[in-house]
Each structure stands twice: as structure tokens, then as C-alpha cells.
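*Asks:* This is the structure I have questions about; it appears just below.
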Amino acid sequence: MEKNQQKLNHLAGSSSPYLKRHATNPIDWYPWGNEAFERARMENKPIFLSIGYSACHWCHVMEKESFEDFEIAQLMNDSFVCVKVDREERPDIDNIYMSACQLMGGGGGWPLTVVMTPDLKPFFAATYIPKESAYGRIGLKDLIPALNRIWKTERNRVEEVSQLIVDMLQTVSRELQPSDLSIDMIHRAYESFQFSFDDEYGGFGTAPKFPTPHKLMFLMRYYLRTGEKEALEMVHKTLRNMRYSGLYDHLGFGFHRYSTDRKWRIPHFEKMLYDQALLALTYLEAFQIMREKEFERTAKEILDYVVRDLRSPDGAFFSSEDADSNGVEGGFYLWRLEEMKQILDEEEFAIVKRIFDISNEGNFALHDHVMITGANILYMIEPFEKVAVSLNITPEELNRIFERVRQRLLEKRIKRGRPERDEKILTDWNALMIVALARAASIFGDEKMGSIAKEAADFIIKVMIDGNGRLHHSYAKGLLSDVCFLDDYAFFTWALLELYELTFEPQFLRLANSLTKEMKDLFWDEENGGFFTTLSDAPDIIVRQKEGYDGSIPSGNSVASIVFLKLAQLLDNDEYKELARRTISAFSSQIIAAPDGFSMMLCALELLLGPRFRVMIIESEKDISQFERIIGMVKKEFLPNIDILYCYSQPLLRDELAEIVPAVRDAILLDDKTTVYVCSEKSCFAPTTNVNVVLDLIGKRRDITQIEK
């Protein structure tokens, strides 16, 4: 029977593209919810929980091998009530059971496979499981009967183990040990990053190697505080090597998820919205510090890719593009020399062959290091400048030729079957992209980028916030999810603050303040400090987690700390500063034990330790050009400890801002000129009309000696 002729299971009505693709599996999948749980209780069956996401290659492998297989489906349907979860739609469920998997020694990654009691307590967990047992690894064909036998004959043991796992999960969430915060934590974290840094290829660790942009963000802030050039060199080497690597899509732009090798050459091909946002932001900050045009170009190219390929007609952003194309991992991105020769002329082909390490034999190996004969992934073996010298042409001329070649290859590539796109719209990931776009618009004075950022924010405000003011997590095919999480509130508040500093429209600051108050009401732990990930009344979860770990995405607690500190400075709000301090302190023992897992939280700590400045600019109608000069000078610098308030000369706009920032009522112009008030904590310097005085007060960007190219 063809797949599209099969009977649909309970996932058929799902809005998630990932769940919907499993609707024709012969397995009787249910979505997460009471219908599945009630059936498990009535039939006295364990629940088989499978968690994945659309862009996950190994999720597709497990589906093809096992979930589309009628023999495995029969075993699963007889033994379990089977539940499928999209981890992007329900990160809370994913976090809980991934933590359980790690506690049980099952490692981490996706697809995540969990077997649990009808009351949702896990007693078995693993990641990818093959159909057949081989090489000492059990397959589903043998595992399912074994688990079924244990369930029927050793129920007491199953109950004991599952309860023990739940108790351990609750203990981890409950027993955080706050301690004093100090600059020593920052220095020790830097030493940890030094230790794990790859001096030869950049990045951290060996393989697989992930971009970890927030580690680079921390290093740039550490450089700004200490002047430690090695911190900046680590950033520089990593960003340049990633830009040249197979991790970067040199034709269509944007970054793949991670590299399977130490040299950044062989990628895992999925493209995630959050990676593009965080990496664009990192390249922007690096450009602000180092003024390297390559970093500017890379940031702009990433944003070009997102706007071209991930933007929805409504102005928001889709979640990801798949690793596979027509069933082939990376097939959309691989090239054979003969194919290139048919597209390019002789000179163009010679230049492409010189830029990229391509050959008739191929340079691409799969995850198990098996070479694919003739298949090439594009990665640069040396910088454009050196290639230009070897070809006896200028870098500018080489760039012109390559741009022509890039367009021709891209036109050919687009005609291939594109990777599937997950068209879910997620509030937290969209917020990260708004941050990146707003920051780029601010640095470059790019009105188009700013407009795109505002359109995405408008979508979230109009669609993702319901009539009761509750901010929801996901939207797909006209359906709004019924869940919301800390990350949605923290990240979108950050986005609103970036939009305020881009536009100085008071409504963004007002909404940021409103959402921050609601975030505290919904997620704050008054007893122990920090924020829970989920609502207090969230149904069907066995533990209310509190997450501080900064993984591929910064934690909600890290970003919440940053936005509370920014609002504390902007609004003169001591309560917000204390909330940030207590949040960081709640995770301090974990930060001390494993600092490289808390890089964004360390950025928040760096901000808390200060100095921090509020720059309040009072506009003069007679002196608009001076205002523009002051704003331009401040925005082009890398000054993460600066927050800007802008007070318009028009009384109505000034009164609107004064409702949330009373201090603007007392601010006056000096000699009818645009005037700047610089304050740090509770102290303010004398107002000035001189932009150079402003930069001196807040600390100019450090002079940077030549970083080794």
C-alpha cells in the first residue's frame, strides 16, 4: 500500500508539519494529550513517546527504517500507546524527557525515544534506535518485546525506577544553590573557554563542533571589560573559519546546524532560524568591534537568506529547512565537477576550483566518514585575498567574478528539489530574528531591515498575543497553540527593547515593560529565585523545570536577566535589578561548576557587575542634525552596557514617554541644542551637547591592534 493511501492516524489534524508527516505511518500515533493518556490508563499499556523535529536527519532515518515498517508498527501498536511530539512546538516536554534520558545514561539528541507509565513517568530512554539489532546495539525489533515483558512481569520495579527518575528531576529543579556573585566568576569562565578553544580551527571542542554564538558574545564582552586581546582573537579565528567553512552556504547564504568534523568542513545540513539570528547578531557585534568588512558582509548575507527563504507572507519567519532533499542528506547542497563544467565557462570553473577544495573524487563524507564518490561540499581552503593574489587579480575583481558564478550556480541549484521547510511560526525564535534585524538596521542605518523587523513584531503582537494579553508559543496553518513559555516572554521583550532603540517609538518600551511584569507574574519563583520554564497550571507535565543552561539557544532565565537589567537602567527600577540579581544567583553554583554551559548567563552577570549607563537624549527642533550625529556615533560602537532613551521635542510624545520614565519631565535643553544626559546607576553627569564628551563618559570602543588574519 502506498504511503498516501494508508489510513490516517490521530496526527492527521495536527498543525505541526512534523507531526503531520507522520500521520500516514502505520503506527497509531497520538499527539500529546489526554486522549492518549486516558487510553494508556484504560488499556494498562506503557506510552511510547517519540520526540523529533522537521529538520532532523536521524528523525527521518528512524521513520523510514521503523515507523513506516508494518512489522515494527504491529509490535508498537500491540505493546504501547504511541505518542509523537514536535520538540519545537513543545520544548517543555522535550526538556523534561531529555533530562530524564541523560539521567538514565541514554545520552542526548534527536530523535528522543522514551517509554513511560500511563502517568507519564519514564522508565526507558534512548535517542535513535535502529530497526534491527547490530554491532552490540539493540534494535526495536528486539527491544519492544523486552520492554513489553518487563512491563508485564516486573511492574513493581518499573514503578520504582520511574518514580526515582521523577524524584531526581524534581530535585534538580528545586535544589539550586544561590551564592554571591563576583567578577571572579567572569575570569574563571574565560579560563574555561581558553581551555576548550581549538587554537588551530577556532570554535570549542573537537567534533561534532557547534557554532555556539553566545560563547563568542561573552568573549567580546570580556574583551571590552579587560582589554584581553586573546579573547578577541578567539572570536576572530572562529568567525573567519566558520565563514570559509562547509558550515556556511556560499551560494544561498546562511549557516547549517553544526559540523561533523573538527575543521568545520562537513556540515549537518539543516538550517535553523535561531542559528541564523544568533550568528547574524554575533557577526554584527564582531564587526562593531573589529570593523572587518567580511563580518559585515556575512551578517548581511545571513539576513538576506532569512528574508528570502524563511519569511512568511505575513511578515513572520518560518522555523527551519530540512537537512534532506529528495531523501538524500545534503543533496541540495552537493556538487559534481561535471555538473559545474556544464554551467560555467572555463575561466569561471577554474576560479571556483581554486576557491573551493573540489575534485572529481569528491570531498564529502557522511557522518560515518564514508566518502560519497564525486560529491563535493563547497568550503574555502584559504581567504579570498590569498586566492586573488595567486590568480594575479585584485580581491575586488575576484569578488565580482565569484558573484556572477554564485548567481549561475544558485539558479541551477534552485531547480533541484528544495529541502522541506517547516512553516511553524515560533514566538521565541522570531524574537531572536527581530533582535538581529533591528540591530543590523541600527548599525547600518538600513530602513528596509528595520521595516522587516517591525513587521515581524507586528505579527507577534497581533496574532500571538490573545485577547487576554497572553503571549502564545507557536502558530501554524491558522492555529494558535494553547501553551506559552518563559522563552517567549523573555526573547520577545528583548526584541521590543531592540526595536525601541532602533525607532525610539514609546509603544515598544511600554509593551516591553508590560510583558516583563506579566513574565514575573507567570513564571517567577519567589521562594528560590529564577524563573520556571512553564506556567504553574501547565497540564500534563511531571515536573516544573527551571532552566539556566545555554544550549543551542540561550536559556529564558539568561535572557530574562538581561532584559530586567536593561529595563532597570532605562526605567530607574530597582525591583527589576534585584530580580535579575536573584535569577543569576539562583544558577551561580552551576555557573561555577560548568561555566561554558552558561555563556549567555555570564553576559547577564557581566552586565549586572557594571558599569552600566543610560544615555538620555533630549531632541531640539532647531538642532535635528546634531541629534542624528549623536545617535549615529553611539550606535556604531560596540557598547552592550549602554541603554538609550530618546525624548522627542513634541509635548505629546514626551508626555507618553514620561508615563513610564518620569525622569524625562525634568530634562531641559542647553542653549536650545540637542542635549544628552548620561547616568550610571544612581549618579548622573552634567548634561552636554558635545558628542565627544558623551563617548568619553560612556567609554569609547577600545583601540584594537591588528588581529592576525
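Everything in the sequence shown is counted per the numbering used here, starting at 156 for the first residue and increasing by one. Heads up, the beta-carbon is just placed ideally off N, CA and C, and yes, glycines get one too. Keep in mind that this is a model prediction, so the values were computed, not measured.
For P422, does the three-state DSSP call read helix, strand or coil?
*Replies:* In the structure shown, P422 sits in a strand (DSSP, three-state: E or B).
*Asks:* Is there contact here, the stretch 211–225 with the stretch 243–261, by at least three beta-carbon pairs under 8 Å?
*Replies:* No: fewer than three Cβ pairs fall under 8 Å.
*Asks:* Consult DSSP for W184 and reduce its assignment to one of helix, strand or coil.
*Replies:* In the structure shown, W184 sits in a strand (DSSP, three-state: E or B).
*Asks:* Give the C-beta separation of D798 and L725 to the nearest angstrom, bearing in mind that I take them to be a contact with Cβ-Cβ under 8 Å.
*Replies:* Contact holds; Cβ gap of about 5 Å.
*Asks:* List the residues that DSSP assigns as beta-bridge partners of P277.
*Replies:* Answer by DSSP bridge pairing, in chain order: M271.
*Asks:* CB K370 to CB S754, shorter than 8 Å?
*Replies:* Their beta carbons are under 8 Å apart, which means K370 touches S754 by this criterion.
*Asks:* Could you give the distance in angstroms between the alpha-carbon of E315 and the alpha-carbon of A210?
*Replies:* Those two C-alpha atoms are separated by around 36 Å.
*Asks:* Give every residue of the same chain whose Cβ lies closer than 8 Å to the Cβ of Q861, excluding the five residues on either side of it in the sequence, and list them in chain order.
*Replies:* Here Q861 scores only 39 on pLDDT, less than 50, and its place in the model is too uncertain to base an answer on.
*Asks:* Quick one: any contact between the stretch 389–396 and the stretch 330–345, if contact means 3 or more CB pairs under 8 Å?
*Replies:* Judged by Cβ distances under 8 Å, the stretch 389–396 makes no contact with the stretch 330–345, as fewer than three pairs qualify.
*Asks:* Please report the straight-line C-alpha distance between Q325 and S254, rounded to a whole angstrom.
*Replies:* Taking the straight line from one Cα to the other gives about 11 Å.
*Asks:* Thinking C-beta only, is P795 closer than 8 Å to R376?
*Replies:* For R376 and P795, yes; Cβs fall inside 8 Å.
*Asks:* Within its chain, find whatever has a CB closer than 6 Å to the CB of A530; leave out the 5 residues flanking it on each side and keep chain order.
*Replies:* The residues are L489, G517, F519.
*Asks:* For Q781, count neighbouring C-beta atoms within 10 Å of its own C-beta (all shown protein chains included) and say buried if the count is 16 or more, exposed if not.
*Replies:* The residue is buried, with at least 16 neighbouring Cβ atoms inside 10 Å.
*Asks:* Any contact between the stretch 730–737 and the stretch 773–787? By contact I mean 3 or more CB pairs, one from each, below 8 Å.
*Replies:* No: the two stretches stay apart, fewer than three of their Cβ pairs being nearer than 8 Å.
*Asks:* For the alpha helix (DSSP H) containing S744, list its first residue and its last residue.
*Replies:* Taken as a continuous stretch (DSSP letters only), the alpha helix (DSSP H) holding S744 covers 743–748.
*Asks:* Report yes if the CB atom of V590 is closer than 8 Å to the CB atom of L722, and no otherwise.
*Replies:* Cβ distance not < 8 Å, so V590 and L722 don't count as in contact.
*Asks:* Taking Cβ positions, are R649 and S474 nearer each other than 8 Å?
*Replies:* According to the sequence displayed, residue 649 carries Trp and not Arg. No, the pair does not count as a contact, with Cβ atoms beyond the cut-off.
*Asks:* Within the 8 Å Cβ cut-off, does E501 reach chain B?
*Replies:* Annotation note: the requested chain B is absent from the structure, which comprises a single protein chain.
*Asks:* Between the Cα of D827 and the Cα atoms of S804, N164, G711, which residue gives the shortest distance?
*Replies:* The option with the nearest alpha carbon to D827 is S804.
*Asks:* Is the separation between the beta-carbon of A715 and that of L641 shorter than 8 Å?
*Replies:* The answer is yes: Cβ separation under 8 Å.
*Asks:* Skipping 5 residues on each side, what residues in its chain have a beta carbon closer than 8 Å to that of C758?
*Replies:* The residues are H369, M372, F373, R376, S713, I717, P795.
*Asks:* Let me check understanding here. Comparing Cα to Cα, which of K418, D322, P661 lies closest to G358?
*Replies:* Here the closest residue by C-alpha is K418.
*Asks:* Can you tell me the Cα-Cα spacing of E502 and D751, whole angstroms?
*Replies:* Using only the alpha carbons, I get a separation of about 47 Å.
*Asks:* Measure the alpha-carbon distance for D821 versus V789 and round it to whole angstroms.
*Replies:* Rounded to whole angstroms, D821 to V789 spans 23 Å at the Cα level.
*Asks:* Throw me the rounded Cβ distance for the Q497 and Y460 pair, which I believe falls under 8 Å.
*Replies:* At roughly 26 Å, the Cβ-Cβ gap does not stay under 8 Å, so Q497 and Y460 are not in contact.
*Asks:* Consult DSSP for E110 and reduce its assignment to one of helix, strand or coil.
*Replies:* With the chain represented from 156 up to 864, any question about residue 110 goes unanswered, as that position is not in the structure.
*Asks:* Taking the C-alpha atoms as reference points, what is the distance between S597 and I747?
*Replies:* When rounded, the distance between both Cα atoms is 35 Å.
*Asks:* For P709, is the classification buried or exposed, using 16 other Cβ atoms within 10 angstroms of its Cβ as the cut-off for buried?
*Replies:* Classification of P709: buried, given that the 10 Å Cβ count is 16 or more.
*Asks:* What do you get for C839, buried or exposed, if any count of 16 or more other CB atoms within 10 angstroms of its CB means buried?
*Replies:* The residue is exposed, with fewer than 16 neighbouring Cβ atoms inside 10 Å.
*Asks:* In chain order, what residues of the same chain lie with their CB nearer than 7 Å to the CB of L677, ignoring the 5 residues before and after it?
*Replies:* Here the set comprises L690.
*Asks:* R245 and Y208 - do their beta-carbons sit closer together than 8 Å?
*Replies:* Not a contact, by the Cβ cut-off of 8 Å.
*Asks:* Measuring CB to CB, does A471 end up less than 8 Å from A608?
*Replies:* Cβ atoms of A471 and A608: not closer than 8 Å.
*Asks:* Does the beta-carbon of N847 have 16 or more other beta-carbons within 10 angstroms, so that it is buried, or is it exposed?
*Replies:* It is exposed - the Cβ of N847 has fewer than 16 other Cβ atoms within 10 Å.
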